[in-house]
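Protein chains in written order, with our numbering: chain W, 1 to 444; chain Z, 1001 to 1444. Quick reminder that beta carbons are idealized off the backbone N, C-alpha and C, glycines included. A short worksheet on the structure shown next.
Protein chains: 2
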Amino acid sequence: MTEPVPGAADPARPDSSPPDSPPAPRGLSRRGLLGLAGAGVAGLGLGIAGDRAVAAATPSAAETAAAAVYPFYQKHQAGIVTPAQDRLHFAAFDVSDGTSRADLIELLQDWTVAAAAMTNGRDVGEFGAVNGAYDAPPEDTGEAVGLPPSGLTITFGFGPSLFETAAGVDRFGLAAARPADLVELPHFPGDMLDEATSGGDLCIQACANDPQIAVHAIRNLSRIAFGRAALRWSQLGFGRTSSTSTSQATPRNLFGFKDGTANIKAEEPAATTEHLWVGSGDGPAWLVGGSYLVARRIRMTIETWDRTSLREQETVIGRTKGEGAPLSGGTEFTEPDFSLAGRADQPLIDQAAHVRLAHPAQNDGVRILRRGYNFVDGNDDLGRLNAGLFFISFQRSPAHFNTLQLNLARNDALNEYIRHVGSALFAVPPGAVQGSYVGAGLFA
Amino acid sequence: MTEPVPGAADPARPDSSPPDSPPAPRGLSRRGLLGLAGAGVAGLGLGIAGDRAVAAATPSAAETAAAAVYPFYQKHQAGIVTPAQDRLHFAAFDVSDGTSRADLIELLQDWTVAAAAMTNGRDVGEFGAVNGAYDAPPEDTGEAVGLPPSGLTITFGFGPSLFETAAGVDRFGLAAARPADLVELPHFPGDMLDEATSGGDLCIQACANDPQIAVHAIRNLSRIAFGRAALRWSQLGFGRTSSTSTSQATPRNLFGFKDGTANIKAEEPAATTEHLWVGSGDGPAWLVGGSYLVARRIRMTIETWDRTSLREQETVIGRTKGEGAPLSGGTEFTEPDFSLAGRADQPLIDQAAHVRLAHPAQNDGVRILRRGYNFVDGNDDLGRLNAGLFFISFQRSPAHFNTLQLNLARNDALNEYIRHVGSALFAVPPGAVQGSYVGAGLFA
Chain W
1 MTEPVPGAAD PARPDSSPPD SPPAPRGLSR RGLLGLAGAG VAGLGLGIAG
51 DRAVAAATPS AAETAAAAVY PFYQKHQAGI VTPAQDRLHF AAFDVSDGTS
101 RADLIELLQD WTVAAAAMTN GRDVGEFGAV NGAYDAPPED TGEAVGLPPS
151 GLTITFGFGP SLFETAAGVD RFGLAAARPA DLVELPHFPG DMLDEATSGG
201 DLCIQACAND PQIAVHAIRN LSRIAFGRAA LRWSQLGFGR TSSTSTSQAT
251 PRNLFGFKDG TANIKAEEPA ATTEHLWVGS GDGPAWLVGG SYLVARRIRM
301 TIETWDRTSL REQETVIGRT KGEGAPLSGG TEFTEPDFSL AGRADQPLID
351 QAAHVRLAHP AQNDGVRILR RGYNFVDGND DLGRLNAGLF FISFQRSPAH
401 FNTLQLNLAR NDALNEYIRH VGSALFAVPP GAVQGSYVGA GLFA
Chain Z
1001 MTEPVPGAAD PARPDSSPPD SPPAPRGLSR RGLLGLAGAG VAGLGLGIAG
1051 DRAVAAATPS AAETAAAAVY PFYQKHQAGI VTPAQDRLHF AAFDVSDGTS
1101 RADLIELLQD WTVAAAAMTN GRDVGEFGAV NGAYDAPPED TGEAVGLPPS
1151 GLTITFGFGP SLFETAAGVD RFGLAAARPA DLVELPHFPG DMLDEATSGG
1201 DLCIQACAND PQIAVHAIRN LSRIAFGRAA LRWSQLGFGR TSSTSTSQAT
1251 PRNLFGFKDG TANIKAEEPA ATTEHLWVGS GDGPAWLVGG SYLVARRIRM
1301 TIETWDRTSL REQETVIGRT KGEGAPLSGG TEFTEPDFSL AGRADQPLID
1351 QAAHVRLAHP AQNDGVRILR RGYNFVDGND DLGRLNAGLF FISFQRSPAH
1401 FNTLQLNLAR NDALNEYIRH VGSALFAVPP GAVQGSYVGA GLFA
């Protein structure tokens, strides 16, 4: 662990922001500082980032996961096609009563400044965690001091409720800007949703290769939001269950199977254009280059699963457990052949197999980008691990998810072993331009 | 990620088991297999460990965290002075009604076999996760297939209730073997304990550098226990808060401060003898070379803490937030000088400072080995992160912890920002000898 080095240079990194863009806002708003520090510090002024230890410009391969820095200001928000990091802290917020449209804009500006600092390996605030006014609360909470950037990405989204009318009043004057696609997901067969872990006006997905870095990000952004938005629910994920780059090995979920082999990868530009990013004909201009995020908290009844035979498990999934190859033969990345039949002319890949029902061929060609995480949140009263998959997907339209999920919810053999208990949908605006803020187009 | 390589050799590693010890039990009991697999597989036979990908014999420094293998059969159980790994899954179990003394012994034998396999980077069972009888459930749940050993340690403990008499019956015939020291911890001032996350007949501490490996261990050991013991509570920890070796940097807790600077380290043999390991004059012979584990779930009111000034935070802790140096001067590892006074003859380290009250000089010379973890379990109904420290300490006697905690509970300025909500005590037997099982001395 290294001590913070005030004034340390940023690591060399690609930066997609235009060279002639105006300078980034240098600090948090007065309200943002109030959130950070309480009344004592209001007026401390502008400026960002007590610098943290930042990785060397050319890290060795060994240090890649810790040293990775993904620029915040990009065409698309980071944390979507970014190679999926190992750890997650996801949070949904509700905007607090009494918060105006101007307050909401200021919050998004403050979040942008703080997110750009933290993803760059810096503390939030001018003085960070350990410097500055001794009689004021530190601007940064400090648990990330000395830690490298760890590939942190912070991705923001807007829930349907942000665009709604409450008691006859358009909450933030956004009703006219609402995308036609941004409506609550339908009730799917078998859904057993808990409202307390569903929905939300705003969301933040923080992913990093060190959980302390992801938790630090959500904590400090929650703090900045004080008085303007409050945590509605949050979820930690300890292990990624998807690859979003061909450079990554396919991980395993808590059923012990490789998951997301057929996921959209960053290296497929045609697929990301067709399936992932909102296009210019898809709806309001502010969302072009963005996407839609679906989050589903899926509890797995792993104790039941663990008592089924290897045959049943492979039949349900449609792949082998070891290699992850389709039951129609080949290796992991062999395309499944759903028509191949075996003994008694039964298809080698069962009609109700997950891999069949989730395949684009069964869903009008739909593909999604999955970016979910394993979770274990202690255990329930019956001594069963409260475990499962925190499913996250990004897609060009929620309708794509709905097509897929309706097919799965009706027919998937896996339904015997899972239960959807949380659900949320967010519109994810494109990346912020340096000098502006995330979602600026929505308020233009 | 590598595919499992059946028959792969164990990595070269030190093994402290005597060369002339009898061969290790090669497999789980019938009941253990029943737990793994349900009735279909009973009688599958003996044998351990569908082999997983195991690290190279001489890993590069880069791969150390992933490749680390700590032998299970040692004089002291691993997971105590072992350099604290990054992640934790801790579980407390209650022995199920109807379980006999012989059943309990068999459970400990099964756990030993499985723990030795998993800490060595192998699956549990003869066939592991992906081989074996196709019509039986896989013996291993599979989510660790392809992952390196990741420094996994598995540490077992016995709670006071295991030695108790229930309805006039000595539960497992252990009342006479109960150490005099093994009594429930006293109620400390301010304790707000939740029974549901306190106590337990048995405990397992699984630590690893990959959370999926720690979770896999607890899950499979829970499964093996089926019908004999059930999860009472469990806790994931995402970041270590202590160093147990001088080779490790001091980490930060969720107050943003370095924690456990003065911890007992593996490199202090005199201190471990004096403060950590149960000695031959301390109680029953079966516990000599063991220790006592105290677990305390400490909720931190981080939102309140975050609103206090840097001055107040440093005064409460007694150290600087940046460097972690005592307020009496020097650097992190400078011994605090509690007598030094500053302005108005006030001590530089406050009378109620945590560092003062936790210091051996204030506690009859007591030192403990801390091995705690940060946790965040979502948020509460008020939108506050359910965050804190899952405190674990090892000490030669619970009385040492009690001395320290009573002093802290009465006087520590930090109490304004923390709340003890869970508590448990376990006697941790010495390490198992190869061919025997953990805790064997207790049943001799």
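For this session: Using 10 angstroms around the beta-carbon of Y1134 of chain Z, count the other beta-carbons present and answer buried if the total reaches 16, otherwise exposed.
Result: exposed
For this session: May I have a chain-ordered list of the beta strand (DSSP E) segments no shorter than 3 residues that lie completely inside the region 211-296 of chain W?
Result: 229-237
Exercise. Using a beta-carbon distance below 7 Å, is D380 of chain W in contact with chain Z?
Worked result: no
Problem set entry | I1154 of chain Z vs F1394 of chain Z beta-carbon contact at 7 Å | In this structure, I1154 of chain Z lies away from F1394 of chain Z, with their beta-carbon atoms at least 7 Å apart.
For this session: Can you say whether P1360 of chain Z is buried or exposed, counting buried as having 16 or more other CB atoms within 10 angstroms of its CB?
Result: Flag for P1360 of chain Z reads exposed.
Exercise. So, helix, strand or coil for L340 of chain W, using DSSP?
Worked result: coil
Problem set entry | Alpha-carbon spacing of T1261 of chain Z relative to H1187 of chain Z, whole angstroms | 27 Å
Exercise. So W277 of chain W and R178 of chain W are in contact, right, with Cβ under 8 Å, and what is the actual spacing, rounded?
Worked result: Going by Cβ atoms, the distance from W277 of chain W to R178 of chain W rounds to 19 Å, so no, they are not a contact pair.
Exercise. In whole angstroms, what is the alpha-carbon distance linking N209 of chain W and G168 of chain W?
Worked result: Cα-Cα distance, rounded: 45 Å.
Exercise. Roughly how far, in whole angstroms, is the beta-carbon of L1310 of chain Z from the beta-carbon of L1327 of chain Z, given that I think they are within contact range, below 8 Å?
Worked result: With a Cβ gap of about 12 Å, L1310 of chain Z and L1327 of chain Z do not count as contacting.
Problem set entry | Three-state secondary structure assigned by DSSP to Q77 of chain W | Coil.
For this session: For chain Z, find out if any of its Cβ atoms is closer than 7 Å to the Cβ of P59 of chain W; answer yes or no.
Result: Low per-residue confidence applies at P59 of chain W: pLDDT is 41, beneath 50, and the placement is therefore not dependable enough to give any value.
Exercise. Since A1325 of chain Z sits in a beta bridge, which residues does DSSP pair it with?
Worked result: None; A1325 of chain Z has no bridge partner.
For this session: Please check if any C-beta of chain W sits within less than 7 Å of the C-beta of G1032 of chain Z.
Result: Not closer than 7 Å to any Cβ of chain W, the Cβ of G1032 of chain Z fails to qualify, so no.
For this session: Select from the region 1125-1138 of chain Z all residues with a C-beta closer than 8 Å to any C-beta belonging to chain W, and list them in chain order.
Result: Going along the region 1125-1138 of chain Z in chain order, one finds A1129, V1130, N1131, G1132, A1133, Y1134, D1135, A1136, P1137, P1138 with a Cβ nearer than 8 Å to chain W.
For this session: Using the DSSP secondary-structure output, state which residues sit across from A427 of chain W in a beta bridge.
Result: W:F158, W:Y292
Exercise. Are there 16 or more other CB atoms within 10 angstroms of the CB of D194 of chain W, so buried, or fewer, so exposed?
Worked result: Exposed, since its Cβ has fewer than 16 Cβ neighbours within 10 Å.
Exercise. Can the beta-carbon of I204 of chain W be found closer than 7 Å to that of G32 of chain W?
Worked result: no
For this session: Check distances from the C-beta atoms of the region 1383-1401 of chain Z to those of chain W and list, in chain order, the residues that come in under 7 Å.
Result: G1383, L1385
Exercise. Is it true that the CB of L340 of chain W sits closer than 7 Å to the CB of N411 of chain W?
Worked result: no
Problem set entry | Cβ-based neighbour list, G1342 of chain Z, same chain, cut-off 7 Å, excluding 5 preceding and 5 following | So the list reads L1348, once near-sequence residues are dropped.
For this session: Say whether chain Z places a C-beta atom closer than 7 Å to the C-beta of R101 of chain W.
Result: no
Exercise. Is it a yes or a no for the region 1223-1239 of chain Z touching the region 1373-1381 of chain Z, going by three-plus beta-carbon pairs under 8 Å?
Worked result: Contact annotation: the region 1223-1239 of chain Z touches the region 1373-1381 of chain Z, with at least three C-beta pairs closer than 8 Å.
Problem set entry | Supposed contact pair P1137 of chain Z and T308 of chain W - C-beta distance, whole angstroms, cut 8 Å | Their Cβ separation, rounded to whole angstroms, is 6 Å, which keeps T308 of chain W and P1137 of chain Z in contact under 8 Å.
Problem set entry | Where the beta strand (DSSP E) through V316 of chain W begins and ends | Going by DSSP, V316 of chain W is part of no beta strand (DSSP E) but of the alpha helix (DSSP H) stretching over 310-317.
Exercise. For the alpha helix (DSSP H) that contains F1401 of chain Z, what are its first and last residues?
Worked result: 1398-1411
For this session: With 8 Å as the limit, tell me which residues of the region 1308-1341 of chain Z have their beta carbon closer than that to any beta carbon of chain W; keep them in chain order.
Result: T1308, S1309, L1310, R1311, Q1313, T1320, K1321, G1322, E1323
Exercise. The region 246-273 of chain W: which residues have C-beta closer than 8 Å to a C-beta of chain Z, in chain order?
Worked result: A249, T250, P251, R252, N253, L254, F255, G256, F257
Exercise. With DSSP run on the structure shown, which of helix, strand or coil describes G1142 of chain Z?
Worked result: Residue state for G1142 of chain Z is assigned as coil, using DSSP reduced to three classes.
Problem set entry | Cβ-Cβ separation, P1149 of chain Z to A1447 of chain Z (assumed contact under 8 Å), whole Å | This structure gives no information on residue 1447 of chain Z, because the portion of chain Z shown stretches from 1001 to 1444.
Exercise. By Cβ distance, which residues of its chain are closer than 6 Å to G1378 of chain Z, with the 5 residues on each side in sequence left out?
Worked result: N1386
Problem set entry | Option in W:D110, W:R367, W:H400, W:T331 with minimal Cα separation from F156 of chain W | W:D110
Problem set entry | When W:D282, W:W286, W:V316 are compared against P430 of chain W, the one with the closest alpha-carbon | W:W286
Problem set entry | Interface partners of T1141 of chain Z on chain W, CB under 9 Å | For T1141 of chain Z, the C-beta contacts it makes with chain W under 9 Å involve L254, F255, G256, I302, W305, D306, in order along the chain.
For this session: Look at the alpha carbon of A1102 of chain Z and the alpha carbon of R1171 of chain Z, and state the distance between them as a whole number of angstroms.
Result: 12 Å
For this session: Might you give, ordered along the chain, the residues of its own chain that have their beta carbon closer than 7 Å to the beta carbon of A427 of chain W, omitting 5 neighbours on each side?
Result: G157, F158, P179, L182, L287, G290, Y292
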